[in-house]
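In this note's numbering, the protein residues as written are 1 to 75.
Pasting the structure below:
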């Protein structure tokens, strides 16, 4: 189960990267939109994954996607 959780968090990070790209934003702009003080927080989420489900949901809400879309691997 723990391995699945880690994979889901990495998928969420990859989907965050995709959403930022699709929105035509820079990581700095995405950080501002998400209320982070520094864009390196975005880079960290993309690289290490998003481990907290409430954070994944918050990001999904801000980008106008579902939680399921955030944790579903892209084919």
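Where is the CB? At the ideal position from N, CA and C, for every residue including glycine.
Since we're looking at a predicted model, the values are computed, not measured.
Query	Result
Since residue 16 and residue 71 are thought to touch, with beta carbons under 8 Å apart, how far apart are those beta carbons, to the nearest angstrom?	Not quite, the Cβ-Cβ distance comes to about 11 Å (not below 8 Å), so this is no contact.
Return the CA-CA distance between residue 6 and residue 18, expressed in angstroms with no decimal places.	19 Å
Please classify residue 23: is it buried, with 16 or more other beta-carbons within 10 angstroms of its beta-carbon, or exposed?	exposed
Going by CA-CA distance only, name the one from 33, 66, 28 that's closest to residue 53.	66
Anyone know if the C-beta pair for residue 46 and residue 31 falls short of 7 Å?	no
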